[in-house]
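Peer 1: Using the working numbering, the first residue of the sequence shown is number 124, and each one after it goes up by one. Every residue gets a Cβ at the ideal spot worked out from N, C-alpha and C, and that includes glycine. These numbers come from a predicted model, not from an experiment. Have a look at this one before I ask anything.
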Amino acid sequence: MFSALKRFLRGAVTGESGELVFAEDDHRLAAAALLVHVISVDGVVDDTERAALTEVLRANYQLTPEMTGDLIKAATRRDNEAVDLYGFTSVLKRSLDLEGRLKIIEMMWELVYADGVVHEFEDNTIWRVAELLGISSRDRLALRRKVAGDAPTGSGEGADDA
């Protein structure tokens, strides 16, 4: 009986191949998909943004490098399949309290500022995600200022909508 329980639990965390699988309703997958989306929305994903994505996910979710890579692969696949952002934000809204949802917006700003340029598509994406997560404009812009203050000097600024 104990071995059956172990097999069940292992199957819940990993797929049949033994590879780590993130469930469709896992808030980490939803957050990672939004992060993948925001760095790719301007049409250019450079090494700086890839490294920042890896570090933000690893640090915020205490993942191993292998788990982080698996999460990014799954998130990229989900983002490519998505028709809108609602599927991701609805998971986050159900799973996270306000503090957790604010952290998602902060992570998005960290990635936007990673390459030193805030593209209007990135800014607009964060605005839409914040609206879907129930984050006020005031909080969204406060997080932007916080992250921009920590960003490397010479960061480009997109249009503020405050």
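Among the candidates T191, D273, L180, L157, whose CA atom is the shortest distance from the CA of G239?
Peer 2: Cα-wise, what sits closest to G239 is D273.
Peer 1: Let me know the alpha helix (DSSP H) ranges lying completely inside the stretch 139-168, each 4 residues or longer, listed in chain order.
Peer 2: Runs of the alpha helix (DSSP H) inside the stretch 139-168: 150-163.
Peer 1: For T187, name the three-state secondary structure that DSSP assigns.
Peer 2: Reduced to three states, the DSSP call for T187 is coil.
Peer 1: Assign E172 to buried or exposed, taking buried as 16 or more other Cβ atoms, counted over all protein chains shown, within 10 Å of its Cβ.
Peer 2: It is buried - the Cβ of E172 has at least 16 other Cβ atoms within 10 Å.
Peer 1: Ignoring anything shorter than 3 residues, give me the beta strand (DSSP E) runs that lie fully in the stretch 222-257, in order along the chain.
Peer 2: For the stretch 222-257, not a single whole beta strand (DSSP E) run of length 3 or above is found.
Peer 1: For E254 and A155, I'd like the C-alpha separation in whole angstroms.
Peer 2: Each residue's Cα considered, the two are about 18 Å apart.
Peer 1: Quick one, which of V164, L152, E233 has its alpha-carbon nearest V179's?
Peer 2: Among V164, L152, E233, the Cα nearest to that of V179 is on E233.
Peer 1: Assess contact between the stretch 146-164 and the stretch 201-216, defined as three or more Cβ pairs (one per stretch) separated by less than 8 Å. Is contact present?
Peer 2: The stretch 146-164 vs the stretch 201-216: in contact.
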